[in-house]
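Please read the structure below before turning to the comments.
Residue numbers (this note's numbering): 474 to 997.
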């Protein structure tokens with residue numbers, strides 16, 4: 474007897490509907506799974522048979538063949554165990570198959586028949602809604618996640634026996650009550666306040682500018698100048714995520730299986746700070762199982778790269794295209810996947826290997842060429858993609874004491890940032906996909922960056938004087954537009970342009986003049 478039931482396979486951050494065909498025929502008892510399954514799917518036949526036996530179901534001694542269609546799509550993980558088990562029962566005549574056609578199924582089976590939580594439930598629910606299915610049946614632990622998707626029915630079950638009783642009519646499962654879904658657990662570290670950082674007023678204003686326009690930032694300064702403290706407080710001044718953004722981030726964390734502790738929806742903007750020993754696959758995704766990397770995990774949030782020159786050069790170079798396009802496209806021998814990565818990149822570095830080049834009252838042990846070599850570990854094209862590059866200096870002890878309790882809080886910065894973002898949202902309301910100034914293309918840049926003649930002249934002089942690229946020219950214009958939005962100005966003023974030019978310290982390279990005088994040489 475042949476039975477058909479539907480599930481979903483993860484491809485990138487989406488789910489593709491998979492038809493699980495189960496055939497039970499005469500022959501020696503044998504259980505075979507075909508359709509390009511990975512090792513975990515092949516092992517599922519052992520768990521399925523043990524779970525059905527321990528749940529009290531008696532199966533006939535026949536040959537069982539399970540086909541996962543389409544056959545050319547790789548199937549991974551333990552998500553197919555619930556649909557395979559239900560399909561086996563249907564093929565054995567123990568369960569009516571007609572009622573199962575309106576649902577997508579996903580779940581991992583324990584040996585006693587209980588259902589364990591799985592990853593990728595949110596993409597599965599989205600596939601059910603977009604495919605016109607009535608709903609999904611998933612483990613109880615994943616029900617809140619699936620219920621984020623509207624217009625579908627979510628059936629939470631704790632065991633295979635409970636699922637069978639629902640479809641036989643013995644004890645129907647109540648659909649998940651969306652109003653009873655608990656609040657998500659806040660991620661650790663998101664409550665850090667900008668008021669805890671004393672001094673560094675110029676850097677704080679630049680970070681406010683970066684948050685308002687979604688611009689990338691590099692801080693260069695000696696150890697103890699507050700670079701990491703400032704970076705960890707940047708998410709606290711970013712605008713609150715919309716529900717659509719929350720769904721985008723939650724889908725990525727669902728695919729990775731990182732929704733835990735009762736968390737069903739990621740409401741805080743992500744902050745990811747990978748170690749400098751990370752591989753390129755760990756940063757942008759890929760690997761043997763083709764999963765999202767740290768860059769996608771920071772989607773709609775902040776990716777912080779501390780000690781930037783210590784990262785391997787080829788790892789940093791893979792960031793160049795994703796930072797421009799906001800999406801990672803990976804091509805492998807058997808599949809092509811795309812991961813979203815609309816991130817704010819924030820990086821930090823020391824001015825030299827010892828960390829004290831050109832720092833008052835400290836002795837730098839690096840010779841001129843060593844300073845230049847350290848700087849050259851980060852390529853020019855990558856630096857060109859950083860909108861704001863600032864020099865940070867340690868704050869004197871007397872000033873630290875004087876500023877105690879007098880710094881602006883993250884809430885104050887966020888209020889100004891959200892007001893600026895609202896102006897940008899209104900400006901780009903006719904341009905889907907553009908949410909902030911950093912995402913403007915050439916056409917929008919020409920249309921929305923009106924500036925006074927004096928401001929335009931100031932930019933021309935800066936481009937000629939510092940030898941800036943066309944990309945640097947455009948990024949300064951975007952910064953100036955954001956500064957005007959923060960100050961509620963319709964056009965870019967001289968003050969806005971001057972502030973934007975001042976936020977690009979590395980364009981001038983004046984901080985390396987002393988190293989060149991000591992015999993250093995910048996790479997051409």
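Even glycine gets a Cβ: it sits at the ideal position worked out from N, Cα and C. This one's a predicted model, so the numbers in the text were calculated from it and none came from an experiment.
Please return the same chain residues whose Cβ sits closer than 6 Å to the Cβ of residue 476, not counting the five positions on each side in sequence.
495, 560, 563, 564, 570
Can you look up residue 870 in the DSSP assignment and give me helix, strand or coil?
helix
Could you tell me the alpha carbon to alpha carbon distance between residue 715 and residue 509, rounded to whole angstroms?
38 Å
Using the beta-carbon count (16 or more within 10 Å), is residue 662 buried or exposed?
Because residue 662 carries a pLDDT of 42, less than 50, the predicted location of this residue cannot be relied on, and the following value inherits that uncertainty. Exposed, since its Cβ has fewer than 16 Cβ neighbours within 10 Å.
Answer with buried or exposed for residue 862, where buried requires no fewer than 16 other C-beta atoms within 10 angstroms of its C-beta.
buried
Sort 746, 573, 486, 538 by Cα distance to residue 780 and report the nearest one.
746
From this set, 773, 811, 798, 753, which residue's C-alpha is nearest residue 785's C-alpha?
753
Distance check for residue 855 and residue 838, CA to CA, integer angstroms please.
27 Å
Just to confirm my understanding: we take residue 532, look at its own chain, exclude 5 residues before and 5 after, and list those with CB closer than 6 Å. What are they?
565
Run through DSSP, which three-state label would residue 552 get?
coil
How long is the line joining the alpha carbons of residue 538 and residue 647, rounded to whole angstroms?
32 Å
Does the distance from the CB of residue 615 to the CB of residue 590 come in under 8 Å?
yes
Per DSSP, what kind of secondary structure is residue 496 in: helix, strand or coil?
strand
Measuring CB to CB, does residue 542 end up less than 8 Å from residue 577?
no
Tell whether a beta-carbon distance below 8 Å holds between residue 637 and residue 611.
no
Which one of 608, 572, 682, 920 has the shortest CA to CA distance from residue 642?
Nearest option by C-alpha distance: 572.
Skipping 5 residues on each side, what residues in its chain have a beta carbon closer than 6 Å to that of residue 955?
Correct list, in chain order: 682, 685, 686, 910.
Does the Cβ of residue 698 have 16 or more other Cβ atoms within 10 Å, making it buried, or fewer, making it exposed?
Residue environment for residue 698: buried (at least 16 other C-beta atoms within 10 angstroms of its C-beta).
What does a CB cutoff of less than 7 Å around residue 815 pick up in its chain, not counting 5 residues either side in sequence?
Taking C-beta separations shorter than 7 Å and ignoring five residues to either side along the sequence, the partners of residue 815 in its chain run 772, 773, 799, following chain order.
Excluding sequence positions up to five away, which residues of its chain have a Cβ less than 8 Å from the Cβ of residue 967?
925, 927, 928, 931
Where does residue 731 sit, in a helix, a strand or coil, going by DSSP?
coil
Between 901, 790, 523, which lies nearest to residue 852 when the distance is taken from Cα to Cα?
790
According to the neighbour-count rule (16 or more other Cβ atoms, all chains shown, within 10 Å of its Cβ), is residue 708 buried or exposed?
buried
Please state if the CB of residue 488 and the CB of residue 628 are separated by a distance shorter than 8 Å.
no
CA-CA distance, residue 973 and residue 885?
22 Å
Here's the rule: buried if 16 or more other CB atoms are within 10 angstroms of the residue's CB, otherwise exposed. What is residue 809?
By the Cβ neighbour-count rule, residue 809 is exposed, with fewer than 16 other Cβ atoms within 10 Å of its own.
Just the C-alpha distance for residue 795 and residue 801, rounded to the nearest angstrom, thanks.
Rounded to the nearest angstrom, the two C-alpha atoms are 5 Å apart.
Since residue 918 and residue 947 should fall inside the 8 Å C-beta cutoff, what is the C-beta to C-beta distance between them, to a whole number of angstroms?
6 Å
Using the Cα positions of residue 903 and residue 486, report the straight-line distance between them to the nearest angstrom.
27 Å
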